[in-house]
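*Asks:*
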Amino acid sequence: MIPGLSNINAKIPEGVLENQEAKVARWEHIVKSMTKEEKENPELLEKQTSRMARIAKGAGVPTSDVRSLLKQYKLLNDVVKSGGAGMDMSQGMSQKQMMKFAKKFGKKMRF
97 MIPGLSNINA KIPEGVLENQ EAKVARWEHI VKSMTKEEKE NPELLEKQTS RMARIAKGAG
157 VPTSDVRSLL KQYKLLNDVV KSGGAGMDMS QGMSQKQMMK FAKKFGKKMR F
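Numbering (the working numbering), first residue to last: 97 to 207.
#1: Determine the extent of the alpha helix (DSSP H) in which I126 is found, giving its start and end residues.
#2: Candidates K153, L141, E124: which alpha carbon is nearest K170's?
#3: What did DSSP end up calling I108 once you bin it into helix, strand or coil?
#4: Rank E110, D161, A152, V176 by C-alpha distance to the C-alpha of S129 and give the top, closest one.
#5: To the nearest angstrom, report how far apart K132 and K177 are at their CA atoms.
#6: Among G111, R122, K192, M195, whose alpha-carbon lies nearest the alpha-carbon of L166?
#7: Would you mind giving the Cβ-Cβ distance between I126 and V162, rounded to the nearest angstrom? I have them listed as a contact below 8 Å.
#8: CA-CA distance, S186 and V112?
#9: The alpha helix (DSSP H) that contains T131, what's its start and end?
#10: Taking the straight line between their C-alpha atoms, what separation do you get for N115 and I108?
#11: Rounded to a whole number of angstroms, what is the C-alpha to C-alpha distance between A149 and A118?
As structure tokens, then:
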């Protein structure tokens, strides 16, 4: 259990958790439809849109879902790259760091 998150289910609006679970399931199907090369080099999907269409067809989802996953991957990758500089992630973030992080990335994240 993560400290401070014991009552998280009470704070999440009804239906949001199920929506996120469905999104994660779709993303899992998308990743399973990728080749090893595509998983290791996701930028290939942007260069060759036919790959994106093939993955979407294999996963049974629209190409917009593949684009959404790719966008979230890039955002998370940026967060990890920029967040590691000057922060000891094992100690967590201070409130000031959390606010700075939220301002920088909050508008880009879609849940």
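Here a beta-carbon is modelled for each residue, glycine too, at the ideal position from N, C-alpha and C.
Source: prediction; values computed, not measured.
*Replies:* A quick look at the data gives this:
#1: In the sequence shown, counting from the first residue as 1, residue 126 sits at position 30. Taken as a continuous stretch (DSSP letters only), the alpha helix (DSSP H) holding I126 covers 112–128.
#2: As a working note, residue 170 is residue 74 in the sequence shown. With distances taken between Cα atoms, K170 lies closest to L141.
#3: As a working note, residue 108 is residue 12 in the sequence shown. I108 falls in the coil class under three-state DSSP.
#4: One-based indexing of the sequence shown puts residue 129 at position 33. Of the listed residues, the one whose Cα sits closest to S129 is A152.
#5: Position 36 of the sequence shown, counted from the first residue, corresponds to residue 132. Position 81 of the sequence shown, counted from the first residue, corresponds to residue 177. Going from the Cα of K132 to the Cα of K177 covers about 23 Å.
#6: Taking the sequence shown and counting its residues from 1, one reaches residue 166 at position 70. It is R122 whose Cα lies nearest to the Cα of L166.
#7: For the purposes of this step, residue 126 is taken as the residue at position 30 of the sequence shown. For the purposes of this step, residue 162 is taken as the residue at position 66 of the sequence shown. Right, their Cβ atoms sit about 6 Å apart.
#8: Position 90 of the sequence shown holds residue 186. Position 16 of the sequence shown holds residue 112. Only weak support is given to the placement of S186: the predicted model assigns it a pLDDT of 48, under 50, and the value that follows is read from those uncertain coordinates. Whole-angstrom Cα-Cα distance: 29 Å.
#9: Residue numbering aside, residue 131 sits at position 35 when the sequence shown is read from its first letter. Element bounds for T131: n/a, residue is neither H nor E.
#10: On the sequence shown, position 19 is the one that residue 115 refers to. On the sequence shown, position 12 is the one that residue 108 refers to. Computed Cα separation, rounded: 12 Å.
#11: Translated into positions along the sequence shown, residue 149 becomes position 53. Translated into positions along the sequence shown, residue 118 becomes position 22. Looking at the two C-alpha atoms, the distance is approximately 20 Å.
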